[in-house]
Amino acid sequence: MPKDQPVAREVLSTEVVFKGRIWDVVSETFRYNDEHLVRDFVRHPGAVAVLAMNEKREILMIRQYRHPVRKLLWEIPAGLLDVPGESLEAAARRELIEETGYDATSLETLITFHTSPGGNDESITIFLATELVEVQHDFVATGEESDMLVEWVPLDDALKSVLASEVQNPSAVVAILALAARLK
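In structure tokens form, the structure reads like this:
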């Protein structure tokens, strides 16, 4: 059975070539076999996402504008690991509450993946949230989050949309496929 494995390569140099608000672009020179290779990539703080499912096998999806692709995308609640010392689970719970107004009595890791390993080091851990309760919160949404649509979608409908390439957000795609495989 295939299994990804970490490998330590000698890094000869690292240079930040662009310092961003959330992520940086770095250029690294490393030794690979008998060569010195240079690769530029986005250094990312990582993220979490939450696939919330109710007792009717509906999942909680949000629709949010994403400027780089100029689309309103159907997604699942997600966010950056940008609070120092915050655990993955705490970050997932925070994002779920801020983006949907729901908290989960049960929260478990569903799957972890790299978004684009040829161009960035981002890793996203997706949690499955069940036994949901509505909660009050004081988060004020701004920017693209200010008009997010939150909707319960039957899992089977979401799966059909993924397979028809009608839902293209990678966290949503991976989460829906993983949950569908688990429940099969």
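In our numbering, the protein residues as written are -19 to 164.
Using N, Cα and C, we set each Cβ at its ideal position, and we do this for glycine too.
Where residue i falls, given that 16 or more other Cβ within 10 Å makes a residue buried
i, result
"residue 40", "buried"
"residue -19", "exposed"
"residue 54", "buried"
"residue 29", "buried"
Straight-line Cα distance separating residue j from residue i
i, j, result
"residue 134", "residue 157", "14 Å"
"residue 33", "residue 106", "13 Å"
"residue 69", "residue 150", "20 Å"
"residue 146", "residue 1", "31 Å"
"residue 9", "residue -13", "16 Å"
"residue -6", "residue 138", "42 Å"
"residue 56", "residue -9", "36 Å"
"residue 73", "residue 25", "18 Å"
"residue 96", "residue 102", "7 Å"
Where residue i falls: helix, strand or coil (DSSP)
i, result
"residue 25", "coil"
"residue 120", "coil"
Candidates the options: closest to residue i by CA position
i, options, result
"residue 116", "28, 76 and 48", "76"
"residue 3", "9, -6, -3 and 22", "22"
"residue 37", "12, -9, 97 and 112", "112"
"residue 11", "-11, 163, 27 and 93", "-11"
"residue 79", "92, 164, 125 and 159", "125"
Start-end ranges of the beta strand (DSSP E) lying completely within the segment 52 to 84, minimum 3 residues: 58 to 60
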